[in-house]
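> Residue numbers (the working numbering): 145 to 560. Cβ atoms here follow ideal geometry from the backbone N, Cα and C, with glycine treated the same way. Sending over a structure as structure tokens; questions will come in a sec.
Dropping the structure here:
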């Protein structure tokens, strides 16, 4: 096949930094190598670790794959994959892939999967699938459909195919989907289209009914949308006419946007009240407080009383309580009207490791009696396991609900 080692290596680097293959398997460099003729192609391939000449480590010349039997070819693949040095392993795998013919991929992918290392080598698995998609996308998709039991292989193949021929990939997705539900094949295609043709990707996304598949497609698009910048991302989200889709996009994008501009993201969420505001405000303020506690505190004090401020307070308390439970308690006292059971529970969870006594001292603020007693039982029980002397002393000098006290008195008295 004509895919260059340089191009595939670039894809691998992208996998390592983004967590999932989302780019094109081809590039101007690869087309230049291909169009330069056989000599240039041989030169590019010779840079691989398993070229005709020698490996980088100085091992002897190796026989071309075309001269090997199927068993010998698969043995060489397994030897490469068993290598411990990831750089050498991937160089060798790239050179191996360069020599595969379209009909060789199925047995190579099958052997890779049979080794039981797919989960720990997703980057290398992606290289094989992507190269197969470039050589013979229909065969690759047929294999993925019949032999795999998750979306990873199918989405990877469709992402690569859509980067090369989006019309053909879309036609296949439409022809291979039945029923009235959302088309599950679009997520991989949208991942590729979002980078090259965001307008068309948006049209496909908005045409999907509300579903898990649409959420997957949105997740596939957002990394590319975020690269357009804060204002462009916000404008794209606000331009979505479907309320549920817009809310989902805001919820997903808010955390990433807040990492660069927490104050602007808070203002954006407040200007667009809804599910995203309720679900993300605590995360934003928790992260903001870890980065710049004073700025987060100043912003919190300007929020109007209500759900947004309660959620922001919960995030602030969670962050501050980890290192300074006393300061977190002062914060709760300052905004006492905004302290609900969720705020108190977050304080307890995050302060317990630093100060069990401080954590347990605030359990009485939980309004729901059942929740309050359960929290006493769990927290005091953990403290007894961790430091029985300190926990017992505290219990002797502090009031506890009668049912909780009875529970622990029985536990202590029943010990040998």
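Output yes or no for whether 8 Å exceeds the beta carbon distance between residue 300 and residue 332.
Yes. Within cutoff.
> Is residue 383 close to chain D? Criterion is C-beta to C-beta, closer than 8 Å.
Of the protein chains in the structure, only one exists, and it is not chain D.
> By Cβ distance, which residues of its chain are closer than 8 Å to residue 434, with the 5 residues on each side in sequence left out?
The residues are 463.
> For residue 419, I'd like the list of residues in its chain whose CB is within less than 6 Å of its CB, leaving aside the five on either flank, ordered along the chain.
For residue 419, where only same-chain residues beyond five positions count, the Cβ hits under 6 Å are 391.
> Give every residue of the same chain whose Cβ lies closer than 6 Å to the Cβ of residue 276, excluding the five residues on either side of it in the sequence, and list them in chain order.
Cβ neighbours of residue 276 beyond the five flanking positions: 249 and 284.
> Which runs of the alpha helix (DSSP H) spanning at least 4 residues fall entirely within the segment 490 to 542, listed in chain order?
You should have 500 to 505, 513 to 530 and 532 to 541.
> If you reduce the DSSP assignment to three classes, tell me which class residue 455 lands in.
In this structure, residue 455 counts as helix in the three-state DSSP scheme.
> Enumerate in chain order the residues of its own chain whose CB-to-CB distance from residue 424 is below 7 Å, with the five nearest sequence positions on each side excluded.
So the list reads 395, 398, 399 and 413, once near-sequence residues are dropped.
> Considering only the alpha carbon of each residue, which of 341, 449, 323 and 230 lies closest to residue 308?
Here the closest residue by C-alpha is 341.
> Three Cβ pairs or more, each shorter than 8 Å: is that satisfied between the segment 481 to 496 and the segment 448 to 464?
Touching, yes.
> How should residue 519 be labelled, buried or exposed, when 16 other C-beta atoms within 10 angstroms of its C-beta is the threshold for buried?
Looking at its Cβ environment, which holds 16 or more other Cβ atoms inside 10 Å, residue 519 is buried.
> Name the two residues that bound the continuous alpha helix (DSSP H) containing residue 416.
No alpha helix (DSSP H) contains residue 416, which DSSP labels as neither H nor E.
> Could you give the uninterrupted runs of the alpha helix (DSSP H) lying entirely in the segment 307 to 385, keeping only those of 4 residues or more?
You should have 310 to 319, 330 to 340, 342 to 350, 356 to 370 and 374 to 382.
> May I ask which residues mark the beginning and end of the alpha helix (DSSP H) holding residue 291?
Element bounds for residue 291: 281 to 291.
> Using a threshold of 8 Å, state whether the C-beta atoms of residue 280 and residue 246 are closer than that.
Yes.
> CB-CB under 6 Å to residue 368, same chain, minus the five flanking residues each way: which ones, in chain order?
Excluding sequence neighbours, residue 368 sits near 338 and 339.
> Look at the alpha carbon of residue 477 and the alpha carbon of residue 235, and state the distance between them as a whole number of angstroms.
Going by the C-alpha atoms only, they are around 60 Å apart.
> Please state if the CB of residue 352 and the CB of residue 364 are separated by a distance shorter than 8 Å.
Not closer than 8 Å, so no.
> Hey, residue 372 and residue 329: beta-carbon distance below 8 Å or not?
No, the Cβ-Cβ distance between residue 372 and residue 329 is not below 8 Å.
> Between 269, 416 and 261, which lies nearest to residue 379 when the distance is taken from Cα to Cα?
Ranking the options by Cα distance to residue 379, first place goes to 416.
> I believe residue 535 touches residue 524 by the beta-carbon criterion, under 8 Å. Please report the beta-carbon distance rounded to the nearest angstrom.
Rounded, the Cβ-Cβ distance is 6 Å, consistent with contact.
> Mark residue 506 as exposed unless 16 or more other C-beta atoms lie within 10 angstroms of its C-beta, in which case mark it buried.
Residue 506 comes out buried.
> Could you compute how far the alpha carbon of residue 428 sits from the alpha carbon of residue 325?
Answer to the nearest angstrom: the Cα atoms are 34 Å apart.
> Do you know whose CA, among 241, 382, 222 and 480, lies nearest residue 208's CA?
It is 241.
> From the DSSP output, in three-state form, read off residue 428 for me.
If DSSP states are grouped into helix, strand and coil, residue 428 belongs with the helices.
> Nearest to residue 211 by CA position, among 243, 223 and 233, is which residue?
Ranking 243, 223 and 233 by Cα distance to residue 211 puts 243 first.
> Round the Cβ separation of residue 515 and residue 551 to the nearest angstrom and send it over; I've been treating them as touching at under 8 Å.
Contact doesn't hold; Cβ gap of about 16 Å is too wide.
> Of all the options 229, 252, 231 and 346, which has the alpha carbon lying nearest to the alpha carbon of residue 219?
Among 229, 252, 231 and 346, the Cα nearest to that of residue 219 is on 252.
> Under 7 Å Cβ to Cβ from residue 447, same chain only, skipping five residues before and after it: list those, please.
These residues qualify, in order along the chain: 453 and 456.
> Tell me the rounded alpha-carbon separation between residue 485 and residue 509.
Spanning the two alpha carbons is a distance of roughly 7 Å.
> Using 8 Å as the threshold, is the C-beta distance between residue 573 and residue 401 below it?
It is not possible to answer for residue 573, since the shown part of the chain is limited to 145 through 560.
> By a C-beta neighbour count over all protein chains shown, 10 Å radius and 16 as the cutoff for buried, is residue 500 buried or exposed?
Flag for residue 500 reads buried.
> Buried or exposed, going by whether 16 or more other CB atoms sit within 10 Å of the CB of residue 482?
Per the 10 Å Cβ criterion, buried.
> At what residues does the alpha helix (DSSP H) containing residue 480 begin and finish?
It is not in any alpha helix (DSSP H) - residue 480 carries neither H nor E in the DSSP assignment.
> Ordered along the chain, which non-local residues of its own chain (more than five positions away) have a Cβ less than 8 Å from that of residue 224?
Here the set comprises 194, 233, 236, 237 and 240.
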